[in-house]
Structure formats: C-alpha cells, structure tokens
Amino acid sequence: MDYSRLLPLLRRRKYLLLLVSLLLLAVLFPASPSPLLVPQVFDGLFCLVLLAGAFSLSQKKWPFLLALLLGSAACVATWSIHHSAKPDDVVQDSLVAGRYSVQLLFLGLVVWHVLRDVLCDDRVTFDNLCGAACGYVLLGTMWGLVYSMVHCFQNDAFAGELVNQLSANDVDNGVNVSSLMSYYSFVTLSTLGYGDITPMSPAARVLSWLEAISGQLYLAVLIARLVGLHIVHATATDRTCVKQ
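Just so we're aligned, residue 123 is where the sequence shown starts under our numbering, counting upward by one.
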C-alpha cells in the first residue's frame with residue numbers, strides 16, 4: 123500500500139471521518155452491553171471523536187494546535203473522572219463541570235471551522251455535505267453537554283421517568299447523564315418533542331427553545347446556501363459548455 127497517498131486521501135475525506143466517529147459515539151455508546159463497560163466505551167469513542175475533530179483542522183496551523191490542546195485536556199479530564207477515586211461532592215461537581223466546559227470549547231472550535239469551510243466554499247462536494255452533517259450532529263452534541271452541565275448543578279432541572287432512573291453513581295461520573303441529555307438534545311434539535319423528558323427549571327426551558335430554534339435556522343440557512351452554490355456552479359458549467 124502506498125502510504126504517501128493515504129494522508130492526502132484522508133484529508134480530502136476529513137469530514138467523512140469525523141461524521142463516522144460521531145455516529146459511532148451516538149450509536150455504540152448507548153448500546154453498550156454492560157453498565158460496567160459504559161465509561162470505557164464512552165472514553166474510547168469520545169477520544170476517537172477528539173482525534174477526528176483535531177484531524178479535520180490539521181491543515182490550519184493554529185486552530186489545529188488549539189484543538190490538540192483542548193482535545194488533550196478533554197481526554198485527561200474524562201479519564202480522570204471515570205478512573206480515579208471518588209472525591210467529595212463539591213470537587214466531583216467541579217471536575218464534571220470542568221470536563222463539560224473543555225469538551226464544549228473543543229467542539230465549538232471544530233463546529234466553527236467546519237461551518238466556515240462548508241459555507242465559504244464555492245462548490246458543493248461530497249466532503250462538504252459530510253461537513254454539513256457533522257455540523258448538525260456536533261450542534262446537538264454541544265447542546266447535550268450544556269444540558270448535562272445544567273443537570274450537574276440542578277438535579278431537578280429535568281423531569282421524567284428516564285431522569286428518575288438515574289442513580290447517584292450516574293450523576294457522579296456523568297456518563298449516563300451525558301447519554302440521556304444527548305438523547306434529549308437531538309429530540310429537541312429536530313423538534314420531535316416526545317415529552318418523555320421535560321425541562322422544569324427556567325434555565326432548562328430557555329435552553330430548550332433556543333436549541334429548537336437553532337436547529338431550524340441551521341437547516342434553513344445551510345440548505346439555502348448549498349442549493350445556491352449548486353445552482354451557481356451548474357449555471358457556470360452550462361455556460362462553459364455553450365461556449366465550447
């Protein structure tokens with residue numbers, strides 16, 4: 123195999139790699155066969171997302187270095203919480219909130235550059251479409267982290283049978299909380315509104331309607347931009363063919 127061609131190929135499909143890693147996290151993490159394996163599954167899959175996210179910025183020097191720094195900090199924070207002795211509640215809440223904050227900064231950095239590439243490119247390519255899908259999934263993941271942080275400091279911010287099933291250990295390590303809040307986030311982002319989880323606190327309610335609006339605006343703006351680019355490119359191609 124010619125490895126000299128592998129890196130350019132991966133860079134041309136960088137958003138496809140990121141999308142695959144995000145879908146693996148979304149699908150395999152909740153489907154973990156044993157509760158004891160949940161932290162390990164989450165750690166491994168989330169680190170895979172961090173690597174794919176950093177790689178998507180590898181052609182931009184300073185964003186790539188910043189992504190490596192934030193990604194490393196997020197990995198260390200995640201592993202330290204799941205694999206260290208349990209501290210007191212105040213320290214534990216601070217560690218979990220710090221982990222969520224670092225993860226949010228990293229994902230926000232990736233989302234910003236992904237959307238800038240997709241919206242500023244003058245052509246619609248397969249990788250750009252993957253990037254657009256990545257932006258949507260990352261947006262839902264980020265909102266899920268925000269909800270997890272809210273739940274960390276206010277356990278009664280959300281109500282419902284699924285929330286009531288969370289144990290004290292789930293709240294401490296944040297793994298199942300993250301999974302549940304991620305589910306709620308994507309239900310809200312897509313405006314499905316099943317109603318099995320209900321925002322109760324003012325902060326949770328405000329964040330929920332903000333996410334619902336952001337999801338609709340994202341799709342409207344993105345589709346309009348991609349359709350516009352496709353029309354412009356198709357028109358330019360037709361004119362070239364006519365001249366020839």
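We put the CB at the ideal spot given by N, CA and C, even for glycine. None of these values were measured; they are calculated from a predicted model.
Express the C-alpha separation of Trp234 and Val224 in angstroms, rounding to a whole number.
To locate residue 224, count along the sequence shown from 1; it is residue 102. To locate residue 234, count along the sequence shown from 1; it is residue 112. Their backbone Cα atoms lie some 15 Å apart in a straight line.
Determine, using beta carbons only, whether Thr310 and Ser323 come nearer to each other than 8 Å.
Translated into positions along the sequence shown, residue 310 becomes position 188. Translated into positions along the sequence shown, residue 323 becomes position 201. No, these two residues do not count as a Cβ contact at 8 Å.
Candidates Val268, Leu147 and Thr320, of which the one nearest Phe280 by Cα:
As a working mapping, residue 280 is identified with position 158 in the sequence shown. When Val268, Leu147 and Thr320 are compared, the shortest CA-CA separation from Phe280 is found for Thr320.
According to DSSP, what are the bridge partners of Phe280?
Taking the first residue of the sequence shown as position 1, residue 280 is located at position 158. Paired residue(s): Pro321.
Cβ pair Leu229, Thr263 closer than 8 Å
Numbered from 1 along the sequence shown, position 107 holds the residue referred to as residue 229. Numbered from 1 along the sequence shown, position 141 holds the residue referred to as residue 263. Inclusion of Leu229 and Thr263 in the CB contact set at 8 Å is warranted, their separation being smaller than that value.
Helix, strand or coil for Thr313? Go by DSSP, reduced to three states.
Taking the first residue of the sequence shown as position 1, residue 313 is located at position 191. Thr313 falls in the coil class under three-state DSSP.
Alpha-carbon to alpha-carbon, Gln276 and Leu133
The residue labelled residue 133 in the question sits at position 11 within the sequence shown. The residue labelled residue 276 in the question sits at position 154 within the sequence shown. According to the sequence shown, residue 133 is Arg rather than Leu. If you take the alpha carbons of Arg133 and Gln276, they lie about 42 Å apart.
How long is the line joining the alpha carbons of Phe168 and Leu147, rounded to whole angstroms?
Counted from its first residue, the sequence shown places residue 168 at position 46. Counted from its first residue, the sequence shown places residue 147 at position 25. Their Cα atoms are separated by approximately 7 Å.
Among Trp184, Gly193 and Lys182, which one has its Cα closest to the Cα of Leu173?
Numbered from its first residue, the sequence shown carries residue 173 at position 51. With distances taken between Cα atoms, Leu173 lies closest to Gly193.
Enumerate in chain order the residues of its own chain whose CB-to-CB distance from Leu237 is below 7 Å, with the five nearest sequence positions on each side excluded.
Translated into the one-based positions of the sequence shown, residue 237 becomes position 115. In the same chain as Leu237, and ignoring 5 residues on each side of it, the C-beta atoms closer than 7 Å to its own belong to Gly257, in chain order.
Under the rule that 16 or more other beta-carbon atoms within 10 Å means buried, what is Glu283, buried or exposed?
For the purposes of this step, residue 283 is taken as residue 161 along the sequence shown, with counting starting at 1. Exposed is the call here.
If distances are taken between C-alpha atoms only, which option among Arg135, Val171 and Gln338 comes closest to Leu150?
Reading the sequence shown from its first residue, position 28 is the one you call residue 150. Among Arg135, Val171 and Gln338, the Cα nearest to that of Leu150 is on Val171.
According to the neighbour-count rule (16 or more other Cβ atoms, all chains shown, within 10 Å of its Cβ), is Arg327 buried or exposed?
Taking the sequence shown and counting its residues from 1, one reaches residue 327 at position 205. By the 10 Å Cβ count, Arg327 comes out exposed.
Can you have a look at Asp318 and say buried or exposed, based on whether 16 or more other CB atoms are within 10 angstroms of its CB?
Indexing the sequence shown from 1 puts residue 318 at position 196. Here Asp318 is exposed, its C-beta having fewer than 16 other C-beta atoms within 10 Å.
In angstroms with no decimal places, state the Cα-to-Cα distance between Val285 and Asp278.
To locate residue 285, count along the sequence shown from 1; it is residue 163. To locate residue 278, count along the sequence shown from 1; it is residue 156. Taken atom to atom, the span from the alpha-carbon of Val285 to that of Asp278 is near 9 Å.
If we ignore side chains and look at the alpha-carbon of each, how far apart do Arg135 and Asp249 end up?
Counted from its first residue, the sequence shown places residue 135 at position 13. Counted from its first residue, the sequence shown places residue 249 at position 127. Computed Cα separation, rounded: 6 Å.
Can you give me the C-alpha to C-alpha distance between Arg221 and Ala189, rounded to a whole angstrom?
Here the question's residue 221 lines up with position 99 in the sequence shown. Here the question's residue 189 lines up with position 67 in the sequence shown. Within the model, the alpha-carbon separation for Arg221 versus Ala189 is close to 15 Å.
Once the 5 residues before and after Ile335 are set aside, which same chain residues still bring their CB inside 7 Å of it?
Against the sequence shown, residue 335 aligns to sequence position 213. Apart from sequence neighbours up to five positions away, no residue of its chain approaches Ile335 with a beta-carbon distance below 7 Å.
Decide if Leu158 is buried, meaning its Cβ has at least 16 other Cβ atoms within 10 Å, or exposed.
Walking along the sequence shown from the start, residue 158 turns up at place 36. No answer about Leu158 holds up, because its pLDDT of 49 lies below 50 and its placement is not dependable.
Under DSSP, the alpha helix (DSSP H) around Thr263 begins and ends at which residues?
Sequence index remark: in the sequence shown, residue 263 carries index 141 (1-based). Counting along the chain, the alpha helix (DSSP H) containing Thr263 begins and ends at Phe248 to Phe275.
Environment of Trp184 [buried if 16+ CB atoms lie within 10 Å]
Taking the sequence shown and counting its residues from 1, the one referred to as residue 184 is at position 62. Trp184 should be labelled exposed.
Would Val246 be called buried (16 or more neighbouring beta carbons within 10 Å of its own) or exposed?
Taking the first residue of the sequence shown as 1, we reach residue 246 at position 124. Val246 should be labelled buried.
Are the Cβ atoms of Leu140 and Ser178 separated by less than 8 Å?
Against the sequence shown, residue 140 aligns to sequence position 18. Against the sequence shown, residue 178 aligns to sequence position 56. Contact flag set, yes.
Using a 10 Å radius around the Cβ and a threshold of 16 neighbouring Cβ atoms, would you call Ala79 buried or exposed?
The requested residue 79 does not occur in the structure, where the chain is confined to residues 123 to 366.
Go ahead and pull the three-state DSSP assignment for Arg135.
To locate residue 135, count along the sequence shown from 1; it is residue 13. DSSP places Arg135 outside both helix and strand once states are collapsed to three, so it counts as coil.
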